[in-house]
Structures are given as structure tokens and as C-alpha cells.
Amino acid sequence: MLNIYPPSAFDVYKKIKIHYSPSIDAACDEIYKACEGVGTDEKTIVKVLGPRSPNDRALIAYRYQELYNTSLRDLVKSETSGDFGYALQLISMSLPRAEAYIIYHAMKGLGTSEQLIYPIVLGRTNEELSILKKAFFEMYETDLSVMANDDLSGDFHYIITTALQEVLVEHKSSFHTREKAEEDAERIYKAGEGKWGTDEGGFVKTLLASPPKHIRHIDEIYTEKYKHGLVYAIESEFSGTSAQALSFYVRLALDPWNTVSELIENAMNGIGTDESALSAALVRYHPYLHKVKHSFEHKNKLSLRERVHEETTGRYQELLMYIIDAPVSIGEYA
Numbered sequence: 001m002l003n004i005y006p007p008s009a010f011d012v013y014k015k016i017k018i019h020y021s022p023s024i025d026a027a028c029d030e031i032y033k034a035c036e037g038v039g040t041d042e043k044t045i046v047k048v049l050g051p052r053s054p055n056d057r058a059l060i061a062y063r064y065q066e067l068y069n070t071s072l073r074d075l076v077k078s079e080t081s082g083d084f085g086y087a088l089q090l091i092s093m094s095l096p097r098a099e100a101y102i103i104y105h106a107m108k109g110l111g112t113s114e115q116l117i118y119p120i121v122l123g124r125t126n127e128e129l130s131i132l133k134k135a136f137f138e139m140y141e142t143d144l145s146v147m148a149n150d151d152l153s154g155d156f157h158y159i160i161t162t163a164l165q166e167v168l169v170e171h172k173s174s175f176h177t178r179e180k181a182e183e184d185a186e187r188i189y190k191a192g193e194g195k196w197g198t199d200e201g202g203f204v205k206t207l208l209a210s211p212p213k214h215i216r217h218i219d220e221i222y223t224e225k226y227k228h229g230l231v232y233a234i235e236s237e238f239s240g241t242s243a244q245a246l247s248f249y250v251r252l253a254l255d256p257w258n259t260v261s262e263l264i265e266n267a268m269n270g271i272g273t274d275e276s277a278l279s280a281a282l283v284r285y286h287p288y289l290h291k292v293k294h295s296f297e298h299k300n301k302l303s304l305r306e307r308v309h310e311e312t313t314g315r316y317q318e319l320l321m322y323i324i325d326a327p328v329s330i331g332e333y334a
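If you count the sequence shown from 1, position 210 lands on 210 in our numbering, and the numbers rise without skipping.
This is the structure:
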């Protein structure tokens, strides 16, 4: 599972008192002075937040609220708009709140943007999902699982609500044995390719209950036995964003950096760039960009920075360049 939240997010969730460094206070003061009077100095906000690590950005957001009794994100929202405003809002919040914001607007906008939802919900640790749910409730006074249940439909509804409601069993060698992987591979086959019609419940629950290492073992056994892997099985039994979501979950376990790299490239590929998806991916996966960049360049023969630069313009481009170049807080992958 991917751990993408910075340390400060866990401190806030556990109600551990945060001690702010003088540099965090100085950053808050610089932003405050830039926004005094009429209008907001967007350039200063970009230069203060853009080059920072995800943890520093979160600390600035928390501290700004404490010092000035106002949300930095609300300040940004009131003065900016468009793709630039969306991306700037994401980095003016803690990452759990940014993800809550992305999901809420993906579900409540004109048509549900399912491509923004499944990368956030799938492949996450139990603790980070708990923090996300708490942040979502604090911001919107509604339960994330209830909203997903009300606003989504079809197989995609089942996938997302299952991921939100089921507790993922952490990998244990005594439980996740080869025999268990063989049983789960057969269960998935019988629920999908080995059945007339797909047993979506059995298929999805077996997959989403499996941690990454176990997924890798299931895929290995499935390939040995049925001559192709889990992704092929998923794409044979599901379609649309349901297939994309389940494939993403499996591929994140099999080849995480290439999977994230493709997620970013897909936001820019085709007719026009999906700026919301691009911003969300770059901000969310910041802890792993040092790994993603290598995978991206190897596959696309162009650096991530160069590719994003050629697809964006103006202030939005400048902000994304800051984010890509910013220091990385090393994430953890289980």
C-alpha cells in the first residue's frame, strides 16, 4: 500500500501537538503580508508554497489557520480560478484535505469524474483512509462512504464503497501463504473467467482484501494456471472506469512507479489535457516523484518536467514546475 501522507497529517489525526519551526512562521507571515489589503499577491503564495515539501506545505496551512484564524485555502479560493486556482488550492491544504476536496468535487460536479476518485481510494492503508474520512467529514459534514453510496452507480459504486468500508488485512506471512494465494486465484477465476457472467462481489472483494505482496503472488499463480495475469482477467470481465479502477489497484501492486507514471501521462494524453487529474496526481504522489520520474522518462523518452512543461502554460505551468522541482519527503511502499 502507498503511504503518501506527511508526518504532520498523522500528528493532527492523533491530536499530537505540533511544534512549528521559525521558517514555517516566516512563510505564514510572508503570505499574510502579501495578501493584506485589496487583492492577493498570487506570485508570493506560489513562491512560498510551490518549492516546499508536502510536509512543509501542510505545516504552513495548519499554522496559518492558528495565527490568523482564517483558512489559507479559503484565501486562495477567493482570489484565484481555473486550473491555476485548483492546483494552488490543493497545495494550500494538508494532503488529507486536498484529497477530500478532490473527491467531493469529483462527485458533486457536472457528472462524476470517476478517474479522480479511484486513485485516491484504492491502494491505501487503513490508517490513511481513516484520516481521509475524518478530513472529509470535517470539511463537508457528511460521511464519505454515505456520499459515495448515494452518488456512484454500477460496478464502480461497488468497488469504491467496498474499498471504503472493508478493512484491509495487512500482509502476514503466516496467513498470506502460497496456499492462500492459490485459493484466491481460483476464487477470482471462478467469479470471473470461469463463470457464465461475472460474480462481481466475489471478484472485487477477493482482490480488494489482498495486500500488494499477496496480489503479486496471486498474479503469479493465476498466470501459471490460466496463461495470463489478473489485469487481463479484469479487462475481460469489467469495462470502463470499473476496469480501470481494478486494473489500477492490481498494477499498483505489481509495478507501482510505472502505474503512477502512466496515470500522469494519461492525464496529458489525447485531445487536450485533463488539468484536474494532472494537478491531483502531481500533488498526491509527490513523495514518490523521485521514483516516478525515472519510470516516466524511461517509457516516454522525455522527462516528466519537459512533458508537463509542453502541455501547460502561464501561471499554471509555473506552479507545476515548482511542484515537480520541490524537495521530496520520501514515501513508504508496503
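Ideal placement from N, C-alpha and C gives every residue a C-beta, glycine not left out.
Output the distance between the C-alpha atoms of residue i and residue j, rounded to the nearest integer angstrom.
| i | j | result |
| --- | --- | --- |
| G272 | G154 | 28 Å |
| H217 | E166 | 21 Å |
| H176 | A209 | 11 Å |
| T259 | Y232 | 15 Å |
| H228 | I221 | 10 Å |
| K43 | L246 | 40 Å |
| S71 | M147 | 24 Å |
| V292 | S261 | 6 Å |
| L144 | L207 | 22 Å |
| H19 | I102 | 28 Å |
| S242 | N69 | 42 Å |
| L168 | A185 | 18 Å |
| T223 | L230 | 8 Å |
| E66 | I131 | 20 Å |
| V308 | K195 | 44 Å |
| A61 | E183 | 47 Å |
| P51 | Q317 | 14 Å |
| I159 | R73 | 31 Å |
| Y13 | E99 | 15 Å |
| T80 | G270 | 27 Å |
| K15 | V283 | 24 Å |
| D29 | Y64 | 8 Å |
Should residue i be labelled buried (16 or more other beta-carbon atoms within 10 Å of its own) or exposed?
| i | result |
| --- | --- |
| S23 | exposed |
| V204 | buried |
| S338 | For residue 338 there is no data in the structure shown, the boundaries of the chain being 1 and 334. |
| D219 | buried |
| A26 | exposed |
| A334 | Confidence in A334 is poor, its pLDDT being 40 and thus under 50, which makes the residue's placement too unreliable to answer from. |
| H214 | buried |
| E275 | buried |
| P256 | buried |
| S8 | buried |
| V121 | buried |
| S21 | exposed |
| E141 | exposed |
| T313 | exposed |
| E36 | exposed |
| E128 | buried |
| R178 | exposed |
Since residue i is in the alpha helix (DSSP H), which residue starts that stretch and which ends it?
| i | result |
| --- | --- |
| A61 | P54 to Y68 |
| I91 | G82 to I91 |
| Q120 | Reading off the sequence shown, one finds Ile at residue 120, where the question assumed Gln. Its alpha helix (DSSP H) spans residues E114 to V121. |
| L133 | Note on residue identity: the sequence assigns Lys, not Leu, to residue 133. Unbroken alpha helix (DSSP H) run through K133: N126 to Y140. |
| L304 | L304 to E311 |
| C343 | In the structure displayed, the chain extends from 1 to 334; residue 343 sits before or after that span and is not available. |
| K14 | Note, K14: premise wrong, no alpha helix (DSSP H); not H, not E. |
| E275 | E275 to R284 |
| W257 | P256 to M268 |
| Y340 | What is shown of the chain runs 1 to 334, which leaves residue 340 out entirely. |
| S342 | Here the chain has residues from 1 to 334 only, and residue 342 is not among them. |
| M147 | L144 to D151 |
| G229 | It is not in any alpha helix (DSSP H) - G229 carries neither H nor E in the DSSP assignment. |
| D184 | R178 to A191 |
| G201 | E200 to L208 |
| E297 | L289 to N300 |
| V46 | E42 to L49 |
| I102 | L95 to K108 |
| F156 | G154 to Q165 |
Just to confirm, does residue i get its C-beta within under 8 Å of one of the non-hydrogen atoms of the ligand SAM?
| i | result |
| --- | --- |
| A181 | Here there are no bound small molecules, and the ligand SAM is not part of this structure. |
Rounded to whole angstroms, how far is the Cβ of residue i from the Cβ of residue j, which I believe are closer than 8 Å?
| i | j | result |
| --- | --- | --- |
| I4 | Y285 | 7 Å |
| L95 | V76 | The Cβ separation is near 16 Å, so there is no contact. |
| F248 | P119 | 6 Å |
Can you find the residues in the same chain that come closer than 6 Å, C-beta to C-beta, to residue i, ignoring five residues on each side of it along the sequence?
| i | result |
| --- | --- |
| G331 | With a pLDDT of 44 at G331, under the threshold of 50, the predicted position of this residue should be treated as unreliable, though the coordinate-derived value follows. Result list for G331: N3, I4, P287 and Y288, in chain order. |
| E311 | M268 and T273 |
| D199 | A191 |
| M107 | D151 |
| R57 | L49 and I91 |
| E297 | S303 |
| D83 | E275 and Y316 |
Please list, in chain order, all residues of the same chain as residue i whose beta carbon is under 8 Å from its beta carbon, the five residues on each side excluded.
| i | result |
| --- | --- |
| E193 | Y226, A233, S236 and E237 |
| H171 | P211, P212, K213, H214 and A334 |
Which same chain residues end up closer than 7 Å to residue i when comparing Cβ atoms and leaving out the 5 residues on each side of it in sequence?
| i | result |
| --- | --- |
| P54 | P6, L95, H286, P287 and S329 |
| R97 | A135 and M139 |
| R124 | M1 and L2 |
| T162 | V204, K205 and L208 |
| R251 | V231 and T259 |
| F350 | In the structure as shown, the chain begins at 1 and stops at 334. Residue 350 is therefore absent and cannot be evaluated. |
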